[in-house]
Amino acid sequence: MSTPKIDPTLKKPASGDGGGPLYAETVMIHPRTVKGIFRTWKWAAMAVLLAIYHIGPFLRWDRGPGAPNQAILADMAGRRGYFFFLEIWPQEVYYITGLLFIAAISLFFMSSLAGRVWCGFLCFQTVYTDLFMFVERLVVGDRAKRMAMDRAPWSADKLAKKVVINLVWLVIALSCGVGFTLYFGDAPTMLVDIFTGNESSAVYSAIGVVGGACFLLAGYAREQVCLYMCPYSRFQSAMFDEHSLIVTYQDWRGEPRKPARKTETFDNRGHCIDCKMCVTACPTGIDIRDGIQMACIGCALCIDACNTMMDKFKLPRDLIVWDSISNVAAHAKGEPGKVRLIRPRTIVYTVLITLVGSLIVGSLASRATTEVKVIHERSPLYVQMSDGSIRNGYVVKVSNMVREDRGYELEVQGIEGASLSVIGGEASGAKAHLTIAPDAIGTFNVFVNAPVNKLSGNRTSLVFALREDKEGHVTRADSLFAAPEK
Numbered sequence: 000m001s002t003p004k005i006d007p008t009l010k011k012p013a014s015g016d017g018g019g020p021l022y023a024e025t026v027m028i029h030p031r032t033v034k035g036i037f038r039t040w041k042w043a044a045m046a047v048l049l050a051i052y053h054i055g056p057f058l059r060w061d062r063g064p065g066a067p068n069q070a071i072l073a074d075m076a077g078r079r080g081y082f083f084f085l086e087i088w089p090q091e092v093y094y095i096t097g098l099l100f101i102a103a104i105s106l107f108f109m110s111s112l113a114g115r116v117w118c119g120f121l122c123f124q125t126v127y128t129d130l131f132m133f134v135e136r137l138v139v140g141d142r143a144k145r146m147a148m149d150r151a152p153w154s155a156d157k158l159a160k161k162v163v164i165n166l167v168w169l170v171i172a173l174s175c176g177v178g179f180t181l182y183f184g185d186a187p188t189m190l191v192d193i194f195t196g197n198e199s200s201a202v203y204s205a206i207g208v209v210g211g212a213c214f215l216l217a218g219y220a221r222e223q224v225c226l227y228m229c230p231y232s233r234f235q236s237a238m239f240d241e242h243s244l245i246v247t248y249q250d251w252r253g254e255p256r257k258p259a260r261k262t263e264t265f266d267n268r269g270h271c272i273d274c275k276m277c278v279t280a281c282p283t284g285i286d287i288r289d290g291i292q293m294a295c296i297g298c299a300l301c302i303d304a305c306n307t308m309m310d311k312f313k314l315p316r317d318l319i320v321w322d323s324i325s326n327v328a329a330h331a332k333g334e335p336g337k338v339r340l341i342r343p344r345t346i347v348y349t350v351l352i353t354l355v356g357s358l359i360v361g362s363l364a365s366r367a368t369t370e371v372k373v374i375h376e377r378s379p380l381y382v383q384m385s386d387g388s389i390r391n392g393y394v395v396k397v398s399n400m401v402r403e404d405r406g407y408e409l410e411v412q413g414i415e416g417a418s419l420s421v422i423g424g425e426a427s428g429a430k431a432h433l434t435i436a437p438d439a440i441g442t443f444n445v446f447v448n449a450p451v452n453k454l455s456g457n458r459t460s461l462v463f464a465l466r467e468d469k470e471g472h473v474t475r476a477d478s479l480f481a482a483p484e485k
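Numbering-wise (numbering that gives the first Met the number 0), the sequence shown opens with residue 0 and increments by one.
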């Protein structure tokens with residue numbers, strides 16, 4: 000039985016009767032270096048994103064005495080999240096949920112407008128893979144030299160270059176891991192402790208995991224992450240329509256394609272000279288002339304490569320263009336195209352982003368600076384006192400969400416004649432006075448006594464009202480008072 004030939008581009012048998020392997024071994028893709036506007040934008044995006052990532056932990060923000068002054072901080076020990084003037088408590092995780100929702104819808108919105116611009120320019124996988132490939136080019140050279148080195152047998156020169164490449168990759172990957180951990184503590188202090196060996200094993204483990212993932216994914220997996228690991232490429236077409244701006248080949252102008260000869264003109268033939276520059280410039284190794292594909296990340300480097308050849312042959316640019324399918328069809332008919340940004344799906348995405356964003360901003364603007372939680376003791380549910388009254392125990396947790404000492408008056412409401420007592424606090428009748436430290440949660444054991452003749456059955460509703468001393472704001476929490484059956 001004959002073994003079918005393997006097409007390394009398709010990574011599956013090109014023909015045969017099924018007797019051969021189903022998948023070919025992954026072939027490392029070495030994109031050609033190109034120059035152009037999109038390549039410039041990618042360099043700019045890389046510089047800005049890496050700068051933000053590594054400088055972010057060192058930005059300072061004064062929050063007053065005793066508070067961390069790091070602008071962006073996830074304080075796991077203190078159970079707080081800080082982002083400049085915002086301080087997020089654990090019970091406010093819904094803000095993060097809202098931001099994640101906005102991020103997802105923004106991705107859909109971006110895709111409906113300009114295709115996979117996130118994948119091509121902003122995704123961390125793209126940024127670090129691009130940086131790792133840049134290191135390869137510095138050490139070995141452009142595409143032809145890198146491919147030749149891969150094919151060549153092992154030698155001292157090849158080994159030396161591979162070692163240098165991997166060492167530089169490792170430094171970049173570890174810097175990625177270090178940058179990640181600096182968001183979880185005071186960055187200058189952590190940085191010194193990391194390099195002096197005084198940090199905890201958890202920090203070094205996090206650096207190893209994040210750095211190792213960066214090294215493997217950006218250095219060796221590369222486009223395989225986009226093709227097989229990332230789910231976005233699988234449903235990208237659901238977010239496109241005929242007016243979405245995508246990287247596309249204008250076949251009406253390029254076909255029929257054939258190699259250019261000095262003795263021939265471009266009359267009665269397409270402008271595509273089948274040089275395959277667009278293919279060799281593509282970081283995922285696809286041929287954009289075959290149409291829109293799952294593997295296209297929208298980096299537009301094929302446009303820069305093609306425009307270079309169009310300039311060389313003095314032909315109009317943008318044989319490969321960032322445009323919509325409807326505009327390409329209009330150009331094929333000799334009609335002018337029109338960019339339509341305002342469409343039903345973009346309107347829906349805009350409304351969703353605005354709505355959720357407004358809810359988050361409104362909630363932040365009106366959020367309380369005090370929260371109270373009441374937990375009824377279950378063992379025992381109640382105790383009958385010697386005078387016949389019923390006593391219930393509660394754990395009252397008061398969150399003082401400002402950075403100053405606060406005094407509160409706690410009052411129980413809803414049961415006539417009820418009185419309360421607080422372990423370690425001052426109480427008088429149905430009221431007690433509590434003091435909470437700045438930016439802290441005060442936990443109090445509270446006992447409520449009520450006359451049995453004032454209770455309505457075995458469960459009576461009551462309310463804990465907490466009044467702030469200075470401003471008089473009142474926060475309430477509902478609970479139940481348990482009693483024996485009458």
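Cβ atoms here follow ideal geometry from the backbone N, Cα and C, with glycine treated the same way.
All values derive from a computational prediction rather than experimental measurement.
- Residue range 324-331 is occupied by the alpha helix (DSSP H) that includes N326.
- Between the segment 75-86 and the segment 202-221 there are fewer than three inter-stretch CB-CB distances shorter than 8 Å, so the stretches are not counted as touching.
- In the DSSP assignment, T247 is bridged to V320.
- For E425, the three-state secondary structure derived from DSSP is strand.
- Residue nearest to G361 within the set R405, R62, G97, I51 is G97 (criterion: CA-CA distance).
- The DSSP-derived three-state label of K430 is strand.
- In the structure shown, I291 falls within a coil segment according to DSSP collapsed to helix, strand and coil.
- The Cβ atoms of Q235 and R344 lie no closer than 8 Å to each other.
- In the DSSP assignment, F446 forms a beta bridge with G392, S420.
- Straight through space, the alpha carbons of I319 and V170 are spaced by roughly 37 Å.
- For the segment 77-118, the continuous beta strand (DSSP E) assignments of 3+ residues that do not extend past its boundaries occur at 79-82, 85-87, in sequence order.
- Note on geometry: alpha-carbon atoms of P187 and G55 lie some 12 Å from one another.
- Boundaries of the alpha helix (DSSP H) harbouring K311: 300-311, taken from the DSSP string.
- Annotation for K41: F120, D129, C298 place their beta carbon closer than 7 Å to its own, counting only its chain and skipping 5 residues before and after.
- In this structure, L409 lies away from V394, with their beta-carbon atoms at least 8 Å apart.
- Counting every other CB atom within 10 Å of its CB across the protein chains shown gives H29 a total of 16 or more, marking it as buried.
- Apart from sequence neighbours up to five positions away, the residues of its chain that approach G218 with a beta-carbon distance below 6 Å are F131, W168, ordered along the chain.
- For the pair S110 and M238, the CB atoms are nearer than the 8 Å cut-off.
- Look at D74 here: in three-state DSSP terms it is strand.
- Per DSSP, reduced to three states, the secondary structure at S460 is strand.
- When DSSP states are grouped into helix, strand and coil, N399 belongs to the strand group.
- Note that the C-beta distance between V246 and I287 is below 8 Å.
- When the beta-carbon positions are compared, F37 and D303 come within less than 8 Å of each other.
- DSSP places L479 in the strand class (E or B) of the three-state scheme.
- According to the DSSP assignment, I374 belongs to the beta strand (DSSP E) that extends over 369-375.
- In this structure, DSSP gives V202 a helical state, which the three-state scheme calls helix.
- Within the same chain, Cβ atoms closer than 6 Å to the Cβ of A329 are found at G336, the five residues on either side in sequence being excluded.
- Per the DSSP secondary-structure output, I435 pairs in a beta bridge with R405.
- Note that the C-beta distance between R78 and P89 is below 8 Å.
- In this structure, the beta-carbon distance from I193 to V177 falls below 8 Å.
- Taking C-beta atoms as the reference points, V451 and I352 fail to come closer than 8 Å.
- Between the alpha carbons of E24 and M146 lies a gap of roughly 16 Å.
- Taking D438 as reference, the option from R62, V33, L358, A46 with the minimal CA-CA separation is R62.
- Of S323, S199, E198, V92, the smallest CA-CA separation from E241 is found for S323.
- 8 Å or more divides the Cβ of S232 from the Cβ of L112.
- R136 and C301 have their alpha carbons spaced roughly 18 Å apart.
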